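Engineer: First the structure, then my questions, so here it is.
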């Protein structure tokens with residue numbers, strides 16, 4: 338059907354201004370499609386990076402053993418030993434698992450931690466805190482502590498403590514001053530404030546403190562192992578698959594961030610669906626535009642269609658000519674719109690450099706190929722009705738026009 | 027005399043009920059191979075309807091029509107389209123060229139549409155026909171830029187492109203000045219004589235009709251002379 342393609346192309350080039358307008362209309366639709374894809378995708382990335390980016394993507398936590406119970410030979414439970422408030426469970430073989438976990442594809446950081454509750458006291462002031470013991474040198478592997486530091490250093494060492502500016506302010510603490518930390522197990526340590534951070538998250542800034550892993554061992558009386566392993570992935574969307582792989586590899590219960598984040602995922606899903614609607618409207622506009630323009634062209638070229646039919650062109654040939662016109666318009670409009678969309682997105686900062694107050698446009702999520710493909714398909718579908726109408730033209734009537 | 031086409035008892039009606047108009051009323055006609063016939067008759071006599079049916083662009087309401095031994099009344103649209111392309115050429119009063127194509131592209135259309143592309147052989151045949159029509163200097167001209175006479179000569183070349191056995195011409199000179207009209211008729215006569223192509227030319231012009239060896243007069247939907 339090379340000849341039908343030639344005729345379709347000739348018809349388009351014969352009315353250059355009309356074709357240019359039509360292609361421009363399609364291109365605008367594709368531009369909106371790409372702009373929306375980049376915006377919705379970028380917004381999702383932005384929200385995820387702000388909410389989950391600083392969290393562990395996969396977490397392995399030591400599970401407390403089931404409480405001991407005393408059962409009567411008759412089957413009745415006579416006594417239950419309640420769980421203690423203090424954490425007693427640990428991942429005693431963490432040192433063995435960590436190198437294994439690091440080999441899992443997509444894993445970029447593994448952070449062994451000892452976590453627990455405690456009280457921070459300075460003079461008469463006491464604050465309940467959440468204590469995290471981190472391995473020196475891996476302080477910023479999960480939460481980018483280094484990036485949030487406002488004073489001092491993130492480097493954790495023996496006898497040092499890093500805490501949020503909000504908490505420091507509450508307790509009137511300044512860098513270099515000492516503070517007493519008592520763990521939930523009752524062990525106390527006097528620590529020197531070596532760094533202050535401000536994440537912007539009130540919960541973290543007001544109640545989380547960081548010490549070295551060795552300090553945490555002392556505080557929580559955990560001579561070996563850790564209580565928790567946090568894992569960061571290159572792509573947080575791979576968390577479910579990575580958690581399954583890690584669980585299979587280690588036999589431990591690896592939990593992806595998506596568990597317990599249903600509300601966030603629902604919100605993102607709703608946002609994505611909004612994007613789908615907006616993009617669908619853009620596509621519908623393209624389809625209507627192409628269909629109406631080709632219908633007009635069909636009407637205008639009725640005498641020519643009649644001549645072609647008289648000269649021996651079959652109905653299929655006529656359909657092919659007009660469908661090919663639609664496909665060419667879709668392709669040209671799609672490529673033009675995609676190029677315009679790409680150029681328009683270039684000035685926006687990359688996903689790594691999103692800033693508050695700017696549109697979080699992600700140029701990599703423009704769905705360029707999809708936009709062009711859907712546009713061509715849409716334009717082909719839009720041209721079927723005019724093409725069928727053209728094929729039904731009665732040559733006798735058309736030639737007489 | 028070998029018959030090229032044969033129609034008998036051809037009836038064509040348009041509309042239904044009180045609005046029904048019977049244009050052909052049992053027309054019968056035989057056209058021999060190599061004939062050059064003029065189709066005469068007043069307006070509304072059914073000349074154009076007959077040409078349209080003979081050109082397989084319209085089916086009769088009843089009657090028989092066979093050409094080259096093939097029954098064209100019972101054939102479907104695809105068969106008729108293919109038959110038309112291979113065996114019948116058309117020349118219309120208003121040339122009816124494709125305006126966005128060159129003279130050569132218009133001429134090769136009937137072959138290209140059948141073969142799916144413009145072959146070198148088709149282009150060579152097209153050039154040869156246009157040269158024969160005295161249009162060698164206008165081969166690659168956009169058809170819209172040609173004069174009326176030139177356009178009609180391109181239309182004659184197009185009608186001959188697939189070496190059809192029958193060329194139907196509906197008032198081919200009706201829109202031309204006398205000189206151009208005679209030029210076109212001379213070409214038609216030359217092709218009829220040299221290649222044996224059968225021509226059926228509908229005309230009101232007695233002079234044009236006089237150039238044809240046979241005159242068929244249609245009146246009130248039948249052949250009257």
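Protein chains in written order, with our numbering: chain G, 338 to 738; chain Z, 27 to 251.
Think of the CB as a built atom: it goes at the ideal place given N, C-alpha and C, for glycine as much as any other residue.
In this text the structure is predicted, and so the values were computed from the model without any measurement.
I want to see whether chain Z comes within less than 8 Å of residue 642 of chain G, judged by CB atoms only; does it?
Structural biologist: Position 305 of the first chain holds residue 642 of chain G. Not an interface residue.
Engineer: Confirm, please, whether the CB-CB distance from residue 391 of chain G to residue 480 of chain G is below 8 Å.
Structural biologist: Taking the first chain and counting its residues from 1, one reaches residue 480 of chain G at position 143. Taking the first chain and counting its residues from 1, one reaches residue 391 of chain G at position 54. Against a cut-off of 8 Å, the Cβ pair of residue 391 of chain G and residue 480 of chain G comes out as a contact.
Engineer: Which chain Z residues are close to residue 654 of chain G, counting only those with a beta carbon under 7 Å from its beta carbon?
Structural biologist: By 1-based counting over the first chain, the position of residue 654 of chain G is 317. What residue 654 of chain G touches in chain Z: 139.
Engineer: Thinking C-alpha only, which one of G:468, G:715, G:375 is nearest residue 545 of chain G?
Structural biologist: As a first step, residue 545 of chain G is located in the first chain; it is residue number 208 there, counting from the start. Ranking G:468, G:715, G:375 by Cα distance to residue 545 of chain G puts G:468 first.
Engineer: So that I know if they touch, is there some Cβ in chain G lying closer than 8 Å to that of residue 225 of chain Z?
Structural biologist: By 1-based counting over the second chain, the position of residue 225 of chain Z is 199. No, no contact with chain G.
Engineer: If you measure between the beta carbons of residue 247 of chain Z and residue 49 of chain Z, is that distance less than 8 Å?
Structural biologist: Counting from one through the second chain, the residue named residue 247 of chain Z turns up at place 221. Counting from one through the second chain, the residue named residue 49 of chain Z turns up at place 23. Yes, these two residues count as a Cβ contact at 8 Å.
Engineer: What are the residues in the segment 344 to 378 of chain G lying within 9 Å of chain Z by C-beta distance?
Structural biologist: Along the segment 344 to 378 of chain G, going in chain order, the ones with a CB nearer than 9 Å to a CB of chain Z are 344, 347, 348, 350, 351, 352.
Engineer: Tell me the DSSP secondary structure of residue 189 of chain Z in three-state form.
Structural biologist: Taking the second chain and counting its residues from 1, the one referred to as residue 189 of chain Z is at position 163. DSSP places residue 189 of chain Z in coil when its eight states are reduced to three.
Engineer: At 3 residues or longer, and completely inside the segment 498 to 584 of chain G: list those beta strand (DSSP E) runs for me, N to C.
Structural biologist: 515 to 520, 525 to 534, 545 to 549, 565 to 570
Engineer: Using a Cβ cut-off of 8 Å (strictly closer), state whether residue 102 of chain Z contacts chain G.
Structural biologist: The sequence position of residue 102 of chain Z within the second chain is 76, counting from 1. False, the Cβ-Cβ gap to chain G never drops below 8 Å.
Engineer: Is there contact between the segment 622 to 633 of chain G and the segment 710 to 725 of chain G, where contact requires at least three CB pairs shorter than 8 Å?
Structural biologist: yes
Engineer: With 8 Å set as the bound, which would you pick, yes or no: does the beta-carbon of residue 732 of chain G sit closer than that to a beta-carbon of chain Z?
Structural biologist: Numbered from its first residue, the first chain carries residue 732 of chain G at position 395. With a threshold of 8 Å between beta carbons, residue 732 of chain G makes contact with chain Z.
Engineer: Does any C-beta atom of chain G lie closer than 8 Å to the C-beta of residue 84 of chain Z?
Structural biologist: Stepping through the second chain from its first residue, residue 84 of chain Z is reached at position 58. Interface residue, yes.
Engineer: Report the rounded CA-to-CA distance for residue 226 of chain Z versus residue 163 of chain Z, giving the unit in angstroms.
Structural biologist: What you label residue 226 of chain Z is simply residue 200 of the second chain in a count that begins at 1. What you label residue 163 of chain Z is simply residue 137 of the second chain in a count that begins at 1. Roughly 29 Å separates the two Cα atoms.
Engineer: Starting from the Cα of residue 231 of chain Z, find the closest Cα among Z:29, Z:111, Z:69 and give me that residue.
Structural biologist: Within the second chain, numbered from 1, the residue matching residue 231 of chain Z stands at position 205. Here the closest residue by C-alpha is Z:69.
Engineer: Since residue 142 of chain Z meets chain G, which of its residues come closer than 7 Å, beta carbon to beta carbon?
Structural biologist: Working through the second chain from its first residue, we reach residue 142 of chain Z at position 116. Result: 338, 339, 340.
Engineer: For chain G, is any of its Cβ atoms less than 8 Å away from the one on residue 124 of chain Z?
Structural biologist: Working through the second chain from its first residue, we reach residue 124 of chain Z at position 98. Interface residue, yes.
Engineer: Could you tell me the boundaries of the alpha helix (DSSP H) in which residue 616 of chain G lies?
Structural biologist: Within the first chain, residue 616 of chain G is the residue found at index 279, counting from 1. In the DSSP assignment, residue 616 of chain G falls within the unbroken alpha helix (DSSP H) covering 599 to 637.
Engineer: For residue 46 of chain Z, which residues in the same chain have their Cβ closer than 7 Å to its Cβ, ignoring the five residues on either side in sequence?
Structural biologist: As a first step, residue 46 of chain Z must be located in the second chain, where it is residue number 20. Excluding positions up to five away in sequence, the list reads 39.
Engineer: Who pairs with residue 442 of chain G in a beta bridge, going by DSSP?
Structural biologist: Looking up residue 442 of chain G in the first chain gives position 105. According to DSSP, residue 442 of chain G bridges with nothing at all.
Engineer: Helix, strand or coil, according to DSSP, for residue 220 of chain Z in the structure here?
Structural biologist: Reading the second chain from its first residue, position 194 is the one you call residue 220 of chain Z. Three-state result, residue 220 of chain Z: helix.
Engineer: Looking at residue 199 of chain Z: is its Cβ nearer than 8 Å to the Cβ of residue 242 of chain Z?
Structural biologist: The residue given as residue 199 of chain Z occupies position 173 in the second chain. The residue given as residue 242 of chain Z occupies position 216 in the second chain. No, the pair does not count as a contact, with Cβ atoms beyond the cut-off.
Engineer: Which chain Z residues sit within Cβ distance under 7 Å of residue 651 of chain G?
Structural biologist: Translated into positions along the first chain, residue 651 of chain G becomes position 314. 104, 107, listed in chain order.
Engineer: Return the residue from the list Z:193, Z:89, Z:143, Z:236 that minimises the CA-CA distance to residue 650 of chain G.
Structural biologist: Locating residue 650 of chain G in the first chain gives position 313, counting from the first residue. Of the candidates Z:193, Z:89, Z:143, Z:236, the one whose C-alpha sits nearest the C-alpha of residue 650 of chain G is Z:143.
Engineer: By a C-beta neighbour count over all protein chains shown, 10 Å radius and 16 as the cutoff for buried, is residue 171 of chain Z buried or exposed?
Structural biologist: What you label residue 171 of chain Z is simply residue 145 of the second chain in a count that begins at 1. Under this definition residue 171 of chain Z is an exposed residue.
Engineer: Is it true that the CB of residue 599 of chain G sits closer than 8 Å to the CB of residue 396 of chain G?
Structural biologist: Locating residue 396 of chain G in the first chain gives position 59, where the first residue counts as 1. Locating residue 599 of chain G in the first chain gives position 262, where the first residue counts as 1. Result no, Cβ atoms of residue 396 of chain G and residue 599 of chain G do not sit closer than 8 Å.
Engineer: From this set, G:733, G:720, G:374, G:666, which residue's C-alpha is nearest residue 357 of chain G's C-alpha?
Structural biologist: Sequence index remark: in the first chain, residue 357 of chain G carries index 20 (1-based). Looking at the Cα atoms, G:666 is the closest of the given residues.
Engineer: By the criterion of Cβ-Cβ separation under 9 Å, what are the contact partners of residue 111 of chain Z in chain G?
Structural biologist: On the second chain, residue 111 of chain Z is found 85 positions in, with the first residue counted as 1. Here the neighbours are 648, 649, 650, 651.
Engineer: Just verifying my parser: in three-state terms, what is the DSSP assignment at residue 212 of chain Z?
Structural biologist: Walking along the second chain from the start, residue 212 of chain Z turns up at place 186. Looking at residue 212 of chain Z - three-state DSSP - the assignment turns out to be helix.
Engineer: Which value, in whole angstroms, describes the spacing of the CA atoms of residue 483 of chain G and residue 499 of chain G?
Structural biologist: Reading the first chain from its first residue, position 146 is the one you call residue 483 of chain G. Reading the first chain from its first residue, position 162 is the one you call residue 499 of chain G. Approximately 11 Å, taken between the alpha carbons.
Engineer: List in chain order: all unbroken alpha helix (DSSP H) runs of 4+ residues lying wholly within the segment 461 to 486 of chain G.
Structural biologist: 482 to 485
Engineer: For the segment 120 to 139 of chain Z against the segment 643 to 662 of chain G, do three or more pairs of beta-carbon atoms, one drawn from each stretch, fall closer than 8 Å, so that the two count as touching?
Structural biologist: They touch, by the three-pair rule.
Engineer: Could you list which residues in chain G have their beta carbon closer than 8 Å to that of residue 78 of chain Z, in chain order?
Structural biologist: Here residue 78 of chain Z refers to the residue found at position 52 of the second chain. Result: 733.
Engineer: What residues of chain G sit near residue 136 of chain Z, judged by a beta carbon separation below 8 Å?
Structural biologist: As a working mapping, residue 136 of chain Z is identified with position 110 in the second chain. By Cβ distance, chain G contributes 648, 649.
Engineer: Going by beta-carbon coordinates alone, are residue 701 of chain G and residue 342 of chain G separated by less than 8 Å?
Structural biologist: Position 364 of the first chain, counted from the start, is the residue given in the question as residue 701 of chain G. Position 5 of the first chain, counted from the start, is the residue given in the question as residue 342 of chain G. The answer is no: Cβ separation not under 8 Å.
Engineer: To test your reading of the DSSP string, which unbroken alpha helix (DSSP H) runs of 4 or more residues are found completely within the segment 120 to 207 of chain Z?
Structural biologist: 129 to 141, 146 to 158, 174 to 186
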